[in-house]
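Going by the numbering used here, the letters in the sequence shown line up with residues 1 to 114, in that order.
Note that the Cβ used here is the ideal one computed from N, Cα and C, for glycine as well.
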Amino acid sequence: MYYETMRIGSKYSISKGEDSITIVRMMHDYFEKVYINKDGHVNITMNRFSVRFSYPRHLSMMSIGEISEILEYEGKRYMRDSMLIERINRMLYDLIKYYHTNNPSYDIANYITP
1 MYYETMRIGS KYSISKGEDS ITIVRMMHDY FEKVYINKDG HVNITMNRFS
51 VRFSYPRHLS MMSIGEISEI LEYEGKRYMR DSMLIERINR MLYDLIKYYH
101 TNNPSYDIAN YITP
């Protein structure tokens with residue numbers, strides 16, 4: 001499944017596989033890419049900065065499920081793009097917060113864009 005949307009100066013591309021989801025947000029000359037697997041493998045790339053870590057399996061499955069559910073409803077037009085984008089932004093924030101909590105020596109909070 002592949003979904004794409006444009007929102008106020010940024011473009012979101014979402015690819016959903018059987019057991020993973022990849023989200024790419026592109027703005028002008030900046031991009032963010034988040035890959036999350038149901039087994040909890042996470043890879044976050046922000047331009048040239050990249051981190052990989054393990055996320056609790058139940059939380060990764062929940063994140064994938066929520067995004068998938070929104071995509072399904074979006075296809076039927078029950079929800080607007082903004083709900084999907086809000087959820088993606090919240091998921092990215094939660095992933096970075098989790099990573100930073102478990103790896104305090106790496107300060108990637110400055111790389112978050114609202």
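Pick from the options that is closest to residue i, judged by C-alpha positions
| i | options | result |
| --- | --- | --- |
| M61 | S20, R52 and D29 | S20 |
| N47 | R90, E18, L84 and R25 | R25 |
| G40 | H28, H100 and L95 | L95 |
| F31 | S13, V42 and E18 | S13 |
Beta carbon of residue i nearer than 8 angstroms to that of residue j
| i | j | result |
| --- | --- | --- |
| Y55 | Y93 | no |
| I36 | I88 | no |
| S68 | K33 | no |
DSSP three-state assignment for residue i, whether helix, strand or coil
| i | result |
| --- | --- |
| Y30 | strand |
| I112 | In this prediction, I112 has a pLDDT of 48, which is less than 50 and means its spatial position is unreliable; what the coordinates show is noted afterwards. Of the three classes helix, strand and coil, the one that applies to I112 here is coil, per DSSP. |
| Y35 | strand |
| Y93 | helix |
| Y12 | strand |
| R48 | coil |
Closer than 7 angstroms: residue i CB and nearest the ligand SAH heavy atom
| i | result |
| --- | --- |
| I44 | Annotation note on the ligand SAH: not contained in the displayed structure, which lists no ligands. |
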